[in-house]
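Let me begin by presenting the structure, written as structure tokens, before commenting on it.
Protein chains: 4
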Amino acid sequence: MAENGAARIRLGMVGGGTGAFIGYVHRIAARLDGDYELVAGALSSRSDIARESGRNLGLADDRIYASYEEMARAEAARKDGIQAVSIVTPNHMHYGPAKAFLEAGIHVICDKPLTSTLEDARALAAIKPKKGAKFLLTHNYTGYPLVRQARELVRSGALGKIRVVQAEYPQDWLTNAVSSKQADWRTDPKRSGAGGAIGDIGTHAYNLLRFVTGLKTDSLSADLTSFVEGRKLDDNVHILLRLQGGAKGMLWASQVAVGCENGLQLRVYGEKAGLEWRQDNPNQMWFTEFGKPKQLLTRGGSITVDPAPSMNIRIPGGHPEGYLEAFATLYSQFAQVIRGEGKAVAGLLPSIEDGIEGMSFIAAAVKSSQGDGKWVKLSEV
Amino acid sequence: MAENGAARIRLGMVGGGTGAFIGYVHRIAARLDGDYELVAGALSSRSDIARESGRNLGLADDRIYASYEEMARAEAARKDGIQAVSIVTPNHMHYGPAKAFLEAGIHVICDKPLTSTLEDARALAAIKPKKGAKFLLTHNYTGYPLVRQARELVRSGALGKIRVVQAEYPQDWLTNAVSSKQADWRTDPKRSGAGGAIGDIGTHAYNLLRFVTGLKTDSLSADLTSFVEGRKLDDNVHILLRLQGGAKGMLWASQVAVGCENGLQLRVYGEKAGLEWRQDNPNQMWFTEFGKPKQLLTRGGSITVDPAPSMNIRIPGGHPEGYLEAFATLYSQFAQVIRGEGKAVAGLLPSIEDGIEGMSFIAAAVKSSQGDGKWVKLSEV
Amino acid sequence: MAENGAARIRLGMVGGGTGAFIGYVHRIAARLDGDYELVAGALSSRSDIARESGRNLGLADDRIYASYEEMARAEAARKDGIQAVSIVTPNHMHYGPAKAFLEAGIHVICDKPLTSTLEDARALAAIKPKKGAKFLLTHNYTGYPLVRQARELVRSGALGKIRVVQAEYPQDWLTNAVSSKQADWRTDPKRSGAGGAIGDIGTHAYNLLRFVTGLKTDSLSADLTSFVEGRKLDDNVHILLRLQGGAKGMLWASQVAVGCENGLQLRVYGEKAGLEWRQDNPNQMWFTEFGKPKQLLTRGGSITVDPAPSMNIRIPGGHPEGYLEAFATLYSQFAQVIRGEGKAVAGLLPSIEDGIEGMSFIAAAVKSSQGDGKWVKLSEV
Amino acid sequence: MAENGAARIRLGMVGGGTGAFIGYVHRIAARLDGDYELVAGALSSRSDIARESGRNLGLADDRIYASYEEMARAEAARKDGIQAVSIVTPNHMHYGPAKAFLEAGIHVICDKPLTSTLEDARALAAIKPKKGAKFLLTHNYTGYPLVRQARELVRSGALGKIRVVQAEYPQDWLTNAVSSKQADWRTDPKRSGAGGAIGDIGTHAYNLLRFVTGLKTDSLSADLTSFVEGRKLDDNVHILLRLQGGAKGMLWASQVAVGCENGLQLRVYGEKAGLEWRQDNPNQMWFTEFGKPKQLLTRGGSITVDPAPSMNIRIPGGHPEGYLEAFATLYSQFAQVIRGEGKAVAGLLPSIEDGIEGMSFIAAAVKSSQGDGKWVKLSEV
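Residue numbers (the working numbering), protein chains in the order written: chain A, 183 to 563; chain B, 183 to 563; chain C, 183 to 563; chain D, 183 to 563.
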């Protein structure tokens with residue numbers, strides 16, 4: 183049961199069979215706070231793997247499905263059918279399941295990016311969910327308590343008007359041509375869409391920037407590169423941003439930056455103060471008011487803005503929480519939404535609209551890069 | 183269900199009612215990998231709180247108990263009774279429940295330190311558990327992947343013979359006289375035993391040193407201080423250690439070190455190499471071979487000793503895991519032991535023997551400090 | 183005397199009167215290794231300040247000059263006249279003195295950027311120095327031992343072909359409109375030239391990138407901004423770079439990034455390895471070979487490439503050297519050049535050609551920014 | 183000349199011939215601010231080396247001496263004789279020259295520790311210097327601006343009453359048995375005195391603690407170890423301290439801590455605040471008021487206590503100063519004392535009394551360690 187005594191939400195999963203990475207992460211996130219129970223799955227497009235994976239996870243045989251369509255139909259018809267579903271397939275397989283479950287009245291938790299094309303994203307937004315089914319896009323980095331804190335600091339005016347934003351997400355795992363379950367679909371335009379690094383990690387950096395600053399992007403100028411021989415999608419992303427209200431930004435994402443594991447970092451500078459946060463040590467954040475010493479804010483420590491319950495701080499400062507806890511916070515707060523108790527987290531959970539903005543970001547970047555870096559408005563892709 | 187399809191282990195809890203900190207941590211740890219289901223509890227010595235707490239956690243009314251004795255009796259008699267119990271009460275209330283459940287043939291997961299007196303600890307070790315019931319002491323910091331890595335490095339000989347060990351655990355939350363559920367029992371000799379900081383956090387630092395180096399302590403010289411007016415137990419611990427084989431150590435634990443949240447840190451120096459690890463950024467560890475550049479080992483990153491499955495690395499390097507994951511690793515690996523699959527983790531899980539050693543460490547330190555710092559052998563307390 | 187027993191080089195200074203910052207730095211740099219003795223100066227364009235400043239520095243009255251022209255003439259005529267001169271005036275006052283002293287056969291040490299316009303820079307390069315007078319441009323960050331080490335690593339092939347370069351230099355001292363001796367000329371186009379932050383600090387970042395990677399820039403796309411009301415020159419610089427050979431770069435410089443003191447940082451990623459260095463902790467550098475742990479190289483510590491004498495490591499690793507030592511290394515190695523012993527440092531000391539490249543960088547960035555970020559070739563400005 | 187126009191102080195040097203480390207450091211320190219000119223030396227006890235070393239440093243032949251006695255006599259008799267002398271010999275050769283020059287009316291700058299025995303130290307204190315000759319002991323770490331800042335913070339009451347002090351100075355260069363000019367005398371009781379690591383670096387850590395906290399040590403309990411086969415002096419130092427007023431301390435010094443270069447670190451915790459400083463990144467210091475976020479104070483940055491001129495901050499925050507600058511500050515401030523302008527630095531420069539205290543610290547530690555760690559009062563050795 184959940185810590186608050188509420189019954190667990192019955193959960194299904196599409197994708198996430200044996201060997202998948204992100205499906206495993208979603209399952210831990212669903213379990214951590216006790217709000218969900220996985221009871222059904224269409225875990226692979228290959229029925230043998232689907233079956234084996236389902237059994238490994240202890241699913242009842244009659245709730246292991248060979249396709250998401252069948253699962254949506256069957257579960258919607260059951261009295262004890264799933265109430266929510268997690269979609270953890272490659273990008274091009276987000277749209278179909280999301281549509282099917284929303285139309286079946288089942289809440290959808292969908293990995294990012296929203297879809298593989300902007301068209302699909304818009305089509306998804308146009309769908310009328312049955313029975314008020316809700317949608318969560320797992321831009322999981324927004325679940326970190328100090329990311330919430332950063333957003334609060336900006337909203338409170340502590341930084342003053344924002345001037346400069348530096349976002350980056352360097353990795354090095356695609357430094358060489360590699361082939362693996364994880365690498366293959368991410369470098370395949372058919373499954374990933376038109377963006378490589380920009381879709382896989384650039385959207386995370388963009389979403390983080392958007393979430394914390396609250397600023398929309400007016401236009402961008404991009405230089406996407408594919409460094410590895412034969413790779414079809416970009417593995418390095420250099421972008422200049424012009425944000426609404428006059429702020430300027432830089433965004434760098436790379437899968438070939440040797441020595442970087444998951445260096446997601448956001449730096450925001452306003453007229454009055456600045457802040458800096460890194461994902462690989464997420465329990466600390468620098469905050470500096472102009473002319474005063476730098477302050478190291480810690481998750482659960484002494485902070486200038488009172489921690490809101492929506493920050494979901496589970497353990498005291500100095501005891502690190504990590505990636506899985508941030509992910510779990512999205513799950514548990516979406517559980518609040520599902521149970522009709524989502525007021526406290528209104529505006530905090532990534533939505534279809536955020537997903538469309540992310541897809542517009544990708545489309546604009548690809549268009550700009552193909553146009554030799556000309557400035558492209560996000561509103562015009 | 184667990185990720186491997188095994189049925190969940192039915193779990194009870196003693197202590198951990200509303201407002202308790204460590205019980206909540208144990209529940210998350212039990213859930214995270216899907217190996218346990220909480221179904222019964224004697225969550226408070228006050229029956230009204232016990233009932234309310236149980237209901238909040240969704241326990242069935244007939245499995246909410248007013249006392250651990252009743253719970254041990256009743257659950258042992260049920261067909262669907264608990265298979266394991268978590269004991270998360272103040273120190274002086276470890277011995278009673280541990281004895282009761284072991285003698286009822288129910289596996290015991292017990293918070294540290296083992297008991298409040300060395301006598302109780304030894305008495306517990308003398309008990310004959312029914313039906314082979316197992317015991318886990320939650321020295322949770324040993325669950326961190328890089329702590330396991332550190333131990334492996336020492337065992338592999340990479341450091342050569344150990345010469346110097348520096349362990350410390352500074353905090354600042356008891357800087358002033360405070361009263362709270364958490365503070366009160368920790369500063370009360372009746373509930374904590376003879377040690378304050380030394381029992382609460384000093385034992386963690388000692389256990390970490392012991393776990394990583396594998397070295398027993400021959401003798402120690404201690405200077406325990408209580409800085410806050412009226413406090414009955416030590417809030418600062420200064421200890422010199424002489425380890426078996428000739429290594430020397432220092433151990434510092436403090437609850438009045440302003441600016442320190444949970445600064446648990448271990449530094450080990452051998453004839454050939456040295457390593458340094460801090461709990462507040464646990465996904466990194468320094469490793470230096472003499473005459474070569476310092477290396478920053480990362481959890482799940484490129485490391486010199488291959489990561490063993492027993493390190494339980496859930497997500498790739500650069501995505502931080504934290505305190506709860508380390509705690510959960512003890513739970514999930516104890517689940518392996520319970521299921522008879524514990525071979526892979528043999529020697530890694532803290533036991534009653536480790537608990538006795540921790541109690542000897544406390545007793546020796548108190549005795550040495552009372553004797554103006556004379557060297558006291560751990561084997562003679 | 184110098185440590186090697188050579189007689190001190192007689193030095194003059196243009197600019198650097200009371201209240202000036204960089205003149206003081208040059209004087210310390212000249213003294214530190216014992217290679218120079220300041221004996222003459224035209225320290226201010228205001229003759230009273232020139233006189234007072236000269237006396238404060240202990241100059242003989244007849245070697246305190248009211249103008250650099252007079253000083254060049256008089257000193258060239260003296261038997262014990264200066265052998266070298268340091269030019270530490272605002273940018274627009276570099277060209278005149280540099281020309282005068284080179285034509286008087288006196289070696290020139292000139293602060294950066296080379297001049298205030300590209301035309302001046304080219305004119306300076308066209309001058310025929312008398313008696314083989316040499317020229318040093320004080321891009322002082324190239325004097326740091328680990329910057330030299332980084333360059334060596336790149337040249338040795340340890341990084342493989344360079345792919346991505348991230349250079350940045352954020353400060354915050356011009357966050358508000360301020361007026362001071364230091365701020366005024368830097369924000370005045372007449373004295374600084376067409377660039378604000380880009381000339382003052384952007385050129386440092388650019389030069390560092392150039393020095394370490396050895397790569398010329400093919401073209402750039404810039405977005406220069408002036409955030410502070412009424413400021414005439416840029417205070418924030420966002421640039422995308424296309425380097426020769428296919429590498430891509432980003433360069434950020436800012437004077438309004440609250441919380442940043444002098445955050446000069448260079449990150450270079452190649453096909454085989456990556457490195458990262460920050461000026462504010464210059465005695466460390468990260469070096470990572472793909473698939474291996476990160477290494478922390480230290481100045482004077484254990485490093486993969488043997489330290490060359492040209493790194494000028496004065497004290498052992500762990501004892502920090504800083505900004506002044508790096509600056510002094512340029513001075514002492516230029517002394518070697520002056521004495522005809524400059525072979526060991528050939529190619530390491532910033533030259534007029536580096537200065538022209540820096541001016542081209544500024545001109546191209548201004549042109550690109552005025553052209554809405556169109557790509558501008560450095561060879562075409 | 184000095185920056186303030188004062189004539190340079192004529193300086194001699196005892197020790198510091200070719201191959202010596204600390205003599206070179208003293209010479210840079212003497213030059214950096216322009217306050218001294220080296221004109222005479224007895225640079226080695228071997229006359230051939232003395233002559234060659236002197237010539238390499240450009241000394242006139244008649245001011246290169248074969249012995250310090252001769253130098254003291256001859257220079258005292260010259261009209262242009264040295265005004266001050268730097269003594270940079272091994273420990274056992276401090277007393278003789280110091281006595282000779284003080285009695286010749288020449289100011290003495292002496293490397294630490296003061297002497298090789300406590301007796302010599304006391305004898306030195308009993309000497310009546312001629313013509314008011316002054317004495318400086320180069321405990322150079324006290325010259326760091328942030329160490330001065332730390333002292334100011336303690337004195338201002340910002341930390342409240344001090345409770346706990348943790349000082350450490352780990353190195354690794356004597357991990358193995360080595361032979362070199364630097365290593366040999368440091369591990370030879372005849373030249374070093376009764377202390378190895380404790381004299382070479384332990385005294386630095388002790389002096390730093392003493393300088394910052396202002397607290398005298400009442401008594402200590404020590405465990406000194408020599409880990410390397412055949413080494414006659416300690417290479418690892420573990421000490422518990424009881425400070426006057428009730429504060430407790432730990433001091434660790436080691437020459438066998440693999441991976442540590444010069445890890446001098448001081449942490450001070452009071453009733454109201456704590457601070458932490460490391461020598462290897464000396465331009466930053468942590469300062470935390472209880473219940474507030476940690477602050478990162480920077481040299482020359484925004485600090486809570488106004489920087490005093492005595493901090494001698496040469497360049498702005500973000501531009502690192504290092505070891506040589508701190509050393510040079512002692513030299514330039516001693517020049518102020520010599521010139522009769524030392525009021526501003528009264529109490530800041532290490533004196534003979536500090537040297538005696540350091541020798542008492544060594545003697546007490548050796549005595550305690552020989553007595554199996556019994557507490558020894560500093561006042562009773």
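Even glycine gets a Cβ: it sits at the ideal position worked out from N, Cα and C.
Rounded Cβ spacing between residue i and residue j (contact assumed at less than 8 Å)
i                 : j                 : result
Gly378 of chain D : Arg368 of chain D : 7 Å
Met193 of chain A : Leu220 of chain A : Reading off the sequence shown, one finds Leu at residue 193 of chain A, where the question assumed Met. Between Leu220 of chain A and Leu193 of chain A the Cβ distance is about 5 Å, and since that is below 8 Å, they are a contact.
Asn463 of chain C : Arg481 of chain C : Not really, about 11 Å apart at Cβ, beyond 8 Å.
Ala280 of chain D : Met253 of chain D : Wrong, their Cβ atoms sit about 13 Å apart, outside the cutoff.
Lys570 of chain A : Ala340 of chain A : A query on residue 570 of chain A cannot be resolved here, the shown segment of chain A reaching from 183 to 563 and no further.
Ser484 of chain B : Gly473 of chain C : 6 Å
Gly371 of chain B : Lys414 of chain B : According to the sequence shown, residue 371 of chain B is Pro rather than Gly. Confirmed, Cβ separation roughly 6 Å.
Cβ neighbours of residue i in the same chain (closer than 6 Å, five flanking residues each side left out)
i                 : result
Ser403 of chain D : Leu422, Ser550, Gly555, Trp557
Val519 of chain A : Lys316
Leu546 of chain A : For the record, residue 546 of chain A in the displayed sequence is Ala; it is not Leu. Closer than 6 Å at the Cβ level, and outside the excluded window around Ala546 of chain A, lie Leu402, Val558, Leu560, Val563.
Same chain only: Cβ atoms within 8 Å of residue i, ignoring 5 sequence neighbours per side
i                 : result
Arg330 of chain D : Thr324, Ala490, Ser492, Met493, Leu530
Lys313 of chain A : Gly287
Arg190 of chain B : Met183, Ala184, Gly216, Asp217, Tyr218, Glu219
Ala332 of chain D : Val394, Leu448, Val450, Leu457, Trp459, Met467
Same chain, Cβ closer than 7 Å to residue i, neighbours up to 5 away in sequence not counted
i                 : result
Asn273 of chain B : Pro295, Thr297, Ser298, Arg373, Ser374, Gly375, Gly381
Ser542 of chain A : Leu300, Leu560, Val563
Ser226 of chain C : Gly199, Ala232, Ser235
_Three or more C-beta pairs below 8 Å linking the segment 531 to 546 of chain A and the segment 312 to 327 of chain A_ = Yes, the segment 531 to 546 of chain A is in contact with the segment 312 to 327 of chain A.
*Counting Cβ pairs closer than 8 Å, one from the segment 199 to 208 of chain D and one from the segment 229 to 236 of chain D, do we hit at least three?*
With the cut-off at 8 Å, the segment 199 to 208 of chain D and the segment 229 to 236 of chain D touch.
*Kindly confirm or deny that the segment 253 to 265 of chain A and the segment 292 to 308 of chain A touch, where touching means at least three C-beta pairs closer than 8 Å.*
Cβ pair count under 8 Å is below three, so no.
*Ranges of the beta strand (DSSP E) found wholly within the segment 305 to 390 of chain B, counting only runs of at least 3*: Under the rule that a run must span 3 or more residues, the beta strand (DSSP E) segments found entirely inside the segment 305 to 390 of chain B read 317 to 319, 344 to 352.
*Taking a cut of 7 Å between CB atoms, which residues from the segment 331 to 345 of chain A lie near chain C?*
Residues Arg345.
*At a Cβ cut of 8 Å, what residues of the segment 439 to 461 of chain D count as close to chain C, listed as they run along the chain?*
Within the segment 439 to 461 of chain D, the residues whose Cβ lies closer than 8 Å to some Cβ of chain C are Cys442, Glu443, Asn444, Gly445, Gln461, listed in chain order.
*Pairing CB atoms from the segment 432 to 447 of chain A with CB atoms from the segment 349 to 364 of chain A, are three or more of them under 8 Å?*
With contact defined as three or more Cβ pairs closer than 8 Å, the segment 432 to 447 of chain A and the segment 349 to 364 of chain A are in contact.
*Segments of 3+ residues assigned as beta strand (DSSP E) that fall wholly inside the segment 451 to 490 of chain C*: 455 to 460, 466 to 471, 476 to 480, all fully within the segment 451 to 490 of chain C.
*Report yes or no: do three or more beta-carbon pairs, one from the segment 422 to 435 of chain D and one from the segment 395 to 411 of chain D, lie closer than 8 Å?*
Contact holds between the segment 422 to 435 of chain D and the segment 395 to 411 of chain D, because three or more Cβ pairs, one in each stretch, are under 8 Å apart.
*Determine which residues of the segment 190 to 223 of chain D have a Cβ less than 8 Å from any Cβ of chain C, and write them out in chain order.*
Taking 8 Å as the cut-off between beta carbons, the residues of the segment 190 to 223 of chain D near chain C are Phe203, Tyr206, Val207, Arg209, Ile210, Arg213, Leu214, Asp215, Gly216, Leu220, in sequence order.
*Check distances from the C-beta atoms of the segment 355 to 380 of chain B to those of chain A and list, in chain order, the residues that come in under 7 Å.*
Cβ contacts with chain A come from no residue of the segment 355 to 380 of chain B.
*Can you give me, in chain order, the residues of the segment 388 to 418 of chain D that have a beta carbon less than 8 Å from any beta carbon in chain B?*
Listed by position, the residues of the segment 388 to 418 of chain D near chain B (Cβ gap below 8 Å) are Ser403, Asp405, Thr407, Phe409, Asn418.
*asked:* Which residues of the segment 520 to 550 of chain A have a Cβ closer than 7 Å to any Cβ of chain C? Give them in chain order.
replied: Of all residues in the segment 520 to 550 of chain A, none comes within less than 7 Å of chain C when Cβ atoms are compared.
*Residue ranges of each beta strand (DSSP E) within the segment 268 to 296 of chain B, 3 or longer*: DSSP runs (the beta strand (DSSP E)) wholly in the segment 268 to 296 of chain B: 289 to 292.
*Along the chain, which unbroken stretches of the beta strand (DSSP E) at least 3 residues long are found entirely within the segment 516 to 550 of chain A?*
List check, beta strand (DSSP E) in window: nothing returned.
*With 7 Å as the C-beta to C-beta threshold (strictly closer), list the residues of the segment 463 to 474 of chain D near chain A in chain order.*
Answer set for the segment 463 to 474 of chain D: Gly473, Lys474.
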